[in-house]
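A.B. asks: Residue numbers for the sequence shown follow UniProt numbering, beginning at 1 and rising by one.
Note that CB positions come from ideal geometry on N, CA and C, so glycine has one too.
Once you've had a glance at the structure underneath, I'll fire off some questions.
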Amino acid sequence: MAMRLRTPKELRVSGMTPLTTIDFPDHLACVLYTQGCPLRCRYCHNPQLIPFGDQLASLSWLEIEEFLHRRQGLLEAVVFSGGEPTLQPALAAAMAVVRELGFKVGLHTAGVSPERLAQLLPLADWVGLDVKAPFHRYPQVTGRNHQAQQNRNSLALLLASDVRFECRTTVDWRLFTPDELHDLARQLAELGVQRYAVQINQARNCLDPELEQTVTLSTEQLRVLKQKLAALFPVFDWRE
Ligand code: SF4
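Given below as structure tokens:
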């Protein structure tokens, strides 16, 4: 039986940032937030994007395409974020249309499905890969088993591709320690990751309300940690 071709109209999108300078390095971009995610990260600050379901998507592809036509020559890139965009069957079709319209394509993913990522990489110009936690902490942070290996397999695909990418880790010091973060960063550097970013949990609107109180390290601990991490990568960013 022939496989049914997907159309971008089937993409489930629940929100958009019309202009950003930080979601695709060195590019003016907009971000589309897709609906549905298989993970349950305790610090997730977009828990409304977690459930899957057509009825939850509030932005039609027609509206998105009209917006993109108006932004041709003004925006340089479109970033698909989530939720978890790679699980959307219509994502490849949407990425192809975005490219036809003259934009570069960015993709934010937690690397939950290396198989899907492999299909999508030829259509991506830049990828932001979330590495959620040190390997042994993955279930505790994401609420899901077996995701650490999926993530490592996704990273291996990116390392073997010629698509530019960044790894990033959101940090809440209740979930793992500075030493564990340093070990994780060292592993990523040894694997060949060139760009790494640490993002501090904003402690707002968290899936787990227990994480809504900010926990910080001392100024000296932070200084030492940032210095150690920055020494591991050609490009390192600390985002608060
Ligand atoms: S933070 Fe985690 S649970 Fe929330 S959308 Fe991202 S990957 Fe999914």
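1. Under the DSSP definition of a beta bridge, which residues are partnered with Leu155?
2. What does the alpha-carbon distance come out to for the pair Asp125 and Thr21?
3. Which residue wins for smallest C-alpha separation from Arg164, given the options Tyr33, Glu100, Leu107?
4. Taking three-plus beta-carbon pairs below 8 Å as touching, is the region 149-157 in contact with the region 111-128?
5. Using 8 Å for Cβ pairs, my map puts Leu158 next to Leu129. What's the rounded Cβ distance?
6. Once DSSP output is grouped into helix, strand and coil, what is the label at Leu19?
7. Exposed or buried, what is Ser58 when buried is set at 16 or more other beta-carbons lying within 10 Å of its beta-carbon?
8. Compute the Euclidean distance between the alpha carbons of Ala197 and Ala230, then round it to the nearest angstrom.
9. Are the region 36-55 and the region 72-89 touching, with three or more C-beta to C-beta distances below 8 Å?
10. Between Gly143 and Val215, what straight-line distance do the alpha-carbon atoms span, to the nearest angstrom?
11. Could you compute how far the alpha carbon of Leu75 sits from the alpha carbon of Ala29?
12. Which residues in the same chain as Asp54 place their Cβ atom closer than 8 Å to its Cβ, once the five residues preceding and following it in sequence are excluded?
13. Provide the residue span of the alpha helix (DSSP H) that contains Lys228, from first to last.
14. In chain order, what residues place their C-beta within less than 5 Å of a heavy atom belonging to ligand 1?
C.D. replies: Here's the rundown:
1. Per DSSP, none; premise fails for Leu155.
2. 16 Å
3. Leu107
4. yes
5. 6 Å
6. strand
7. exposed
8. 10 Å
9. yes
10. 21 Å
11. 5 Å
12. Arg12
13. 219-230
14. Cys37, Leu39, Cys41, Cys44, Ala110
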